[in-house]
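J.: Quick note, our numbering runs 64 ahead of the 1-based positions in the sequence shown.
Every residue gets a Cβ at the ideal spot worked out from N, C-alpha and C, and that includes glycine.
Given the structure is predicted, the values throughout are model-derived calculations rather than measurements.
Starting off with a structure, shown below.
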Amino acid sequence: MIYVIAILSVIFLGLAAMVVSRMSAVVKNANGPAEGEFSVTSNRINGVLFLIFFVLGIIGFVWSFLYARQFFLPEASSPHGRRTDFLFWLSMGVITFAFVATNALLFFFAWKYQHKEGRRAAYYPENHKLELIWTVIPAVVMAVLVFTGWRAWRDIMAEAPENAQTFEIVGKQFNWIVRYPGVDNNKLGAYNYKLIDNANDTGIDYTDEASFDDFTSTTELHIPVNKPILLKIRARDVLHSVFIPHMRVKMDAVPGMPTRFAFTADKTTDEMRNITGNPNFGYEIACTEVCGRGHFSMRIRLIVEDEATWQAWCKEQKPLLTVTPELAARIPSNLKAKAAKYLDGAAPADSTTASVQQGGINVAATATVR
């Protein structure tokens, strides 16, 4: 590394000396060159080189784009994602056209209007029509882009439909925790960050009976296809960011400030394997906010499946209250009877805590193995 820095330093000093030398020549000839000092041949060569550089640049630009296409993400697996992609390529098209047009004129003029003996430049102190054209046209184009972008943002960030399937995803150093609402009519239980501990990673509040059948996962999120999904997002410690690239979903997870994102996945995992020709294809949820030394490990699988398969998978899962029965100690006495069905070998309400303590060790050990 030291040798690389030394070589770069030598190159930098050489370039600096060259710049100083050229600047001295410019200052020396500040009053203008004498008649006949310009070389017609050198001007012609420079003009041609401008055109060659432009053509080679365009060829390189096209080649690099075509080569990089193999690394592009496939078509978005959500309607809002395809709309986002359209706006992106529309903006890129407008920018590319303006870039190529202005630089084509720049390099062409350098060749066309090179210095020649007897030629004098013509100056236009003002041209209102030209100024109006180059002001109005970019303003209209920019207004269209801004308006279409605003409409897309408004629609994408609108409230989720009433029939949206709700999930919660919680970021912490260094993994995601997904919470499912169980079978109680798509309703997540309340939470409280003060309740977070080793047995209750997301701080589920068991004074809310809607929490009794909630279950969690740190490895995967299963969602049904062609159904609106509402992700409720929060963070336990530092700033994280939920990113589902194939769905074009991205939203920060901010401590103390819950966020959300609603979307609809319209291609199952199996369909994407057929489309991409990759039998190992899988959606994933990653973190795109550097959150510490273990940031690289913040990723879980996203599995999109048909409604029947998803429902069957959910019924196979056990509520957190079942796999960690010591949490029953946090249930108010007036709700223990309702929670009894979620506890294996639950005792009567007045002795629930003792029963839980007696069987808690074996259940906790089983959960750890899983």
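Does E353 come out as helix, strand or coil in the three-state DSSP assignment?
T.: Coil at E353, not helix or strand.
J.: Between the C-alpha atoms of L79 and V205, what's the straight-line distance to the nearest angstrom?
T.: Computed Cα separation, rounded: 41 angstroms.
J.: Between the alpha carbons of D277 and C378, how many angstroms are there, rounded?
T.: Cα to Cα, D277 sits roughly 11 angstroms from C378.
J.: Can you tell me whether DSSP reads Q375 as helix, strand or coil?
T.: Residue state, collapsed to three classes: helix.
J.: Rounded to whole angstroms, what's the CA-CA distance from A98 to E190? Just pull it up for me.
T.: Low confidence applies to A98: its pLDDT is 48, below 50, so where it sits in the model is not reliable, and the reading given next is rough at best. Those two C-alpha atoms are separated by around 31 angstroms.
J.: If contacts are defined as beta-carbon pairs under 8 angstroms, then I364 and W240 qualify, I think. What distance do you get, rounded to the angstrom?
T.: Right, the Cβ-Cβ distance comes to about 5 angstroms (below 8 angstroms), so this counts as a contact.
J.: For N256, which residues in the same chain have their Cβ closer than 6 angstroms to its Cβ, ignoring the five residues on either side in sequence?
T.: The answer, listed in chain order, is G267, D269.
J.: Going by DSSP, which residues form a beta bridge with W240?
T.: DSSP output for W240 lists G235 as bridge partner(s).
J.: Would you be able to state if there are at least three C-beta pairs under 8 angstroms between the segment 359-376 and the segment 276-293?
T.: Cβ pair count under 8 angstroms is three or more, so yes.
J.: By how many angstroms is the C-alpha of P143 removed from the C-alpha of A203?
T.: Those two C-alpha atoms are separated by around 29 angstroms.
J.: What is the DSSP secondary structure of I75, reduced to helix, strand or coil?
T.: Helix.
J.: Considering only the beta carbon of each residue, do T333 and G341 sit closer than 9 angstroms?
T.: Cβ distance not < 9 angstroms, so T333 and G341 don't count as in contact.
J.: If you reduce the DSSP assignment to three classes, tell me which class D272 lands in.
T.: DSSP places D272 in coil when its eight states are reduced to three.
J.: Please state whether DSSP places D265 in a helix, a strand or coil.
T.: The answer is coil: DSSP assigns D265 none of H, G, I, E or B.
J.: Go ahead and label T199 buried or exposed: buried means 16 or more other beta carbons lie within 10 angstroms of its beta carbon, across all protein chains shown.
T.: Burial call: exposed.
J.: Using CA atoms only, rank isn't needed, just tell me which of N264, E348, R300 is closest to A393.
T.: That would be N264, whose Cα lies nearest to the Cα of A393.
J.: CB-CB under 6 angstroms to G235, same chain, minus the five flanking residues each way: which ones, in chain order?
T.: Closer than 6 angstroms at the Cβ level, and outside the excluded window around G235, lie A299, H304, A317.
J.: When you compare each of P322, P319, D330, V302 to R312 by their alpha carbons, which one comes out closest?
T.: It is D330 whose Cα lies nearest to the Cα of R312.
J.: With a threshold of 6 angstroms on Cβ separation, who are the neighbours of T160 within its own chain once the five nearest residues in sequence on each side are excluded?
T.: Within the same chain, T160 has no close Cβ partners at all.
J.: Per DSSP, what kind of secondary structure is L170 in: helix, strand or coil?
T.: Correct three-state label for L170: helix.
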